[in-house]
Amino acid sequence: MTKVKTAFFCSSCGAQSPKWMGRCTACGEWNTFVEEVIQKESRGGRPRTAGTGAGVASSAPRLIHEVQGDVLSRVPSGSAELDRVLGGGIVPGALMLIGGEPGIGKSTLMLQVAMQMQDQKVLYISGEESDMQLSMRAQRLGYSHPACYVLTATDTATIFRHLEEMRPGIVVIDSIQTLTTPQLDSAAGSISQIRECAAEFQRYAKESAVPVFLIGHITKEGALAGPKLLEHMVDTVLQFEGDHNHMYRILRAAKNRFGSTSELGIYEMHDKGLREVANPSELLLSQRDDPVSGVTVSATIEGMRPMLIETQALVSSAAYGTPQRSATGFDLRRMNMLLAVLEKRCGFRIAAKDVFLNVTGGIRVDDPAIDLGVICAVLSSSEDIAVNEKCCFAAEVGLTGEIRPVTRIGQRITEASKLGFSEVFVSKYNMKSIPDNLNNINLHPVTRIDEVFSLLFG
Ligand code: TYD
Ligand code: MG
Numbered sequence: 193m194t195k196v197k198t199a200f201f202c203s204s205c206g207a208q209s210p211k212w213m214g215r216c217t218a219c220g221e222w223n224t225f226v227e228e229v230i231q232k233e234s235r236g237g238r239p240r241t242a243g244t245g246a247g248v249a250s251s252a253p254r255l256i257h258e259v260q261g262d263v264l265s266r267v268p269s270g271s272a273e274l275d276r277v278l279g280g281g282i283v284p285g286a287l288m289l290i291g292g293e294p295g296i297g298k299s300t301l302m303l304q305v306a307m308q309m310q311d312q313k314v315l316y317i318s319g320e321e322s323d324m325q326l327s328m329r330a331q332r333l334g335y336s337h338p339a340c341y342v343l344t345a346t347d348t349a350t351i352f353r354h355l356e357e358m359r360p361g362i363v364v365i366d367s368i369q370t371l372t373t374p375q376l377d378s379a380a381g382s383i384s385q386i387r388e389c390a391a392e393f394q395r396y397a398k399e400s401a402v403p404v405f406l407i408g409h410i411t412k413e414g415a416l417a418g419p420k421l422l423e424h425m426v427d428t429v430l431q432f433e434g435d436h437n438h439m440y441r442i443l444r445a446a447k448n449r450f451g452s453t454s455e456l457g458i459y460e461m462h463d464k465g466l467r468e469v470a471n472p473s474e475l476l477l478s479q480r481d482d483p484v485s486g487v488t489v490s491a492t493i494e495g496m497r498p499m500l501i502e503t504q505a506l507v508s509s510a511a512y513g514t515p516q517r518s519a520t521g522f523d524l525r526r527m528n529m530l531l532a533v534l535e536k537r538c539g540f541r542i543a544a545k546d547v548f549l550n551v552t553g554g555i556r557v558d559d560p561a562i563d564l565g566v567i568c569a570v571l572s573s574s575e576d577i578a579v580n581e582k583c584c585f586a587a588e589v590g591l592t593g594e595i596r597p598v599t600r601i602g603q604r605i606t607e608a609s610k611l612g613f614s615e616v617f618v619s620k621y622n623m624k625s626i627p628d629n630l631n632n633i634n635l636h637p638v639t640r641i642d643e644v645f646s647l648l649f650g
């Protein structure tokens with residue numbers, strides 16, 4: 193076996209050095225040297241299965257429409273939410289990264305996906321849990337699978353030997369940070385190990401057309417080397433996010449070579465694992481008997497799906513000199529902007545008030561169509577008058593206080609009516625894009641915040 197040659201490179205200026213240095217002598221940056229392979233042994237240990245056309249290995253130029261002739265069909269993952277996020281199923285030979293904070297449920301999600309793919313031979317490789325633990329978890333979640341294998345290994349040479357023997361139809365690796373390749377000396381989880389191991393699996397996936405899921409941890413700041421570094425190497429980056437204190441988990445695609453990145457999958461964490469949430473609106477609305485002030489419901493669109501979101505606001509006189517502003521699930525800067533609009537354009541005196549805003553369910557909303565709902569929640573709390581519980585909002589608010597139209601208004605209104613809302617506040621400029629077959633719905637076309645104010649609180 194020819195010895196592998198490695199060298200250290202400065203990640204800032206690219207200077208090369210035979211040994212690690214704390215400070216780059218070329219550019220003067222500290223702590224930038226990472227180890228990289230510069231010459232490899234002949235790729236022993238890794239299987240070279242016959243390509244099926246999904247790979248990038250073929251070198252001769254081909255006409256693009258001829259290549260399309262052998263496009264491989266997608267494999268359903270057994271989870272409708274995951275399929276939706278992936279753009280309609282798993283693409284053969286795809287390398288997919290699932291990133292998320294520790295404890296959010298990545299292993300649970302992938303184990304469930306593995307166990308749900310009943311007609312595939314699945315290999316679940318874990319460097320974090322023992323096979324006993326995995327088996328116990330699978331049983332506890334209530335699954336059985338005729339051909340799901342577990343392997344507890346962290347050395348890629350061992351893993352590839354088993355892969356060659358077993359020839360699974362799908363591979364899950366939990367997690368990329370635990371893998372080591374014998375070609376490098378650095379510790380598991382270091383930048384160079386992560387990059388090299390991922391590159392090995394990238395080649396494996398492309399050559400064998402076997403889809404590979406890599407699990408990767410990220411910290412709260414997304415800082416830990418790993419998923420960020422891998423983003424350009426993999427075909428799909430999925431983020432599994434959610435609030436540990438809430439049971440909802442959201443799967444979104446941050447990058448997808450085979451589909452859109454606007455789709456969302458929603459799951460709920462139970463004592464028996466993750467359950468798919470097919471109709472999120474019903475769950476996100478809290479159940480109340482009496483109307484309370486400071487609560488509104490907005491019709492948002494996440495991905496392709498309309499969703500009703502509840503916002504709660506609490507406005508009170510500032511106890512200390514500087515008023516406090518805090519927002520959960522909503523951009524704080526946008527909230528400050530909306531408060532400034534209320535103050536400056538509409539004459540509401542809230543500059544000296546504490547304002548707290550919360551989107552219920554632990555969901556983060558970026559859709560600007562929630563603006564009007566946020567403003568009305570703030571006004572409702574400030575006036576201490578409850579908003580009629582049949583009211584729903586769907587409009588953006590501009591800097592001049594004008595109420596602006598939003599996209600796909602028809603879908604939003606339909607969703608609101610499905611869940612029993614009968615009064616929908618929309619921008620007047622949205623009226624011409626509203627289909628006229630909407631029954632049982634009272635539309636309130638508005639252009640200014642004061643109009644909304646007098647309609648709601650008279
Ligand atoms: P896990 O999949 O191990 O997280 P990750 O791989 O992302 O680190 O899941 C961790 C959490 O999920 C754990 O803290 C408890 C919770 N959980 C449940 O609530 N119910 C369940 O059935 C399972 C398996 C986990
Ligand atoms: Mg895990």
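For the sequence shown, the residue numbers in my numbering are 193 to 650. Ideal placement from N, C-alpha and C gives every residue a C-beta, glycine not left out.
Which two residues bound the contiguous alpha helix (DSSP H) that contains residue 354?
From DSSP, the alpha helix (DSSP H) with residue 354 extends over 348-358.
On the criterion of 16 or more Cβ atoms from any shown chain inside 10 Å, does residue 512 qualify as buried, or is it exposed?
Only exposed fits residue 512, as fewer than 16 other CB atoms lie within 10 angstroms of its CB.
Does DSSP put residue 426 in a helix, a strand or coil?
coil
Take residue 221 and list the residues in its own chain whose beta-carbon comes closer than 6 angstroms to its own, dropping the five residues that flank it on each side.
204
Would a C-beta distance cut-off of 8 angstroms place residue 317 and residue 364 closer than the cut-off?
For residue 317 and residue 364, yes; Cβs fall inside 8 angstroms.
Quick check on residue 292: buried or exposed, where buried means 16 or more other Cβ atoms within 10 Å of its Cβ?
By the neighbour-count rule (16 or more Cβ atoms within 10 Å), residue 292 is buried.
With distances taken between CB atoms, is the gap from residue 135 to residue 598 smaller than 8 angstroms?
With the chain covering only 193 through 650, there is no way to say anything about residue 135.
Residue 461: beta carbon under 7 angstroms from a heavy atom of the ligand TYD?
yes
Quick check: residue 584 and residue 491, are their CB atoms within less than 8 angstroms of each other?
yes
With a floor of 3 residues, list each beta strand (DSSP E) that falls wholly inside the stretch 543-624, ordered by position along the chain.
For the stretch 543-624, whole beta strand (DSSP E) runs of length 3 or above, ordered along the chain, are 545-551, 583-586 and 615-619.
Please state whether the Cβ-Cβ distance between residue 285 and residue 397 is less than 8 angstroms.
For residue 285 and residue 397, yes; Cβs fall inside 8 angstroms.
In the DSSP assignment, find the unbroken alpha helix (DSSP H) run with residue 219 in it and report its ends.
No alpha helix (DSSP H) holds residue 219; DSSP gives it neither H nor E.
Compare the C-alpha of residue 483 against each of 642, 569 and 219 and name the closest.
569
Which value, in whole angstroms, describes the spacing of the CA atoms of residue 210 and residue 368?
26 angstroms
In this structure, how does DSSP classify residue 312 when only helix, strand and coil are distinguished?
The DSSP-derived three-state label of residue 312 is coil.
Looking at residue 641 and residue 601, is the spacing between their C-beta atoms short of 8 angstroms?
no
Would you mind giving the Cβ-Cβ distance between residue 406 and residue 309, rounded to the nearest angstrom? I have them listed as a contact below 8 angstroms.
About 17 angstroms; that fails the 8 angstroms criterion.
Distance cut 6 angstroms, beta-carbon to the ligand MG heavy atom: residue list by chain order
Every residue whose beta carbon comes nearer than 6 angstroms to a heavy atom of the ligand MG appears here in chain order: 298, 299, 320 and 366.
Segments of 4+ residues assigned as alpha helix (DSSP H) that fall wholly inside the stretch 266-333
272-278, 298-308 and 323-332
Would you say residue 695 and residue 489 are within 8 angstroms of each other, going by their C-beta atoms?
For the chain, the structure presents residues 193 to 650; residue 695 sits outside this window and is missing.
Do you know offhand how far residue 527's Cα is from residue 621's?
23 angstroms
Taking the beta strand (DSSP E) that residue 202 falls in, what are its first and last residues?
Residue 202 -> beta strand (DSSP E) spans 197-202.
Can you list, in chain order, the residues of its chain whose CB lies under 6 angstroms from that of residue 520, leaving out five sequence neighbours each side?
550
Test item: CB-CB of residue 280 and residue 451 under 8 angstroms
yes
Report the option in 255, 257 and 429 whose CA atom is closest to the CA atom of residue 455.
For residue 455, the nearest C-alpha among the options comes from 429.
Applying the 10 Å Cβ sphere with the 16-neighbour rule, what's the burial state of residue 545?
buried
Helix, strand or coil: how does DSSP classify residue 343 here?
strand
Using 10 angstroms around the beta-carbon of residue 623, count the other beta-carbons present and answer buried if the total reaches 16, otherwise exposed.
exposed
Could you please give me the residues that DSSP links to residue 402 through a beta bridge?
Looking at the DSSP assignment, residue 402 forms no beta bridge with any residue, so it has no partner.
Please report the Cβ distance between residue 226 and residue 384, rounded to the nearest whole angstrom; I am assuming they are in contact, meaning their Cβ atoms lie under 8 angstroms.
5 angstroms
Is it true that the CB of residue 323 sits closer than 8 angstroms to the CB of residue 344?
yes
Measure the CB-CB distance between residue 313 and residue 339 and report whether it falls below 8 angstroms.
yes
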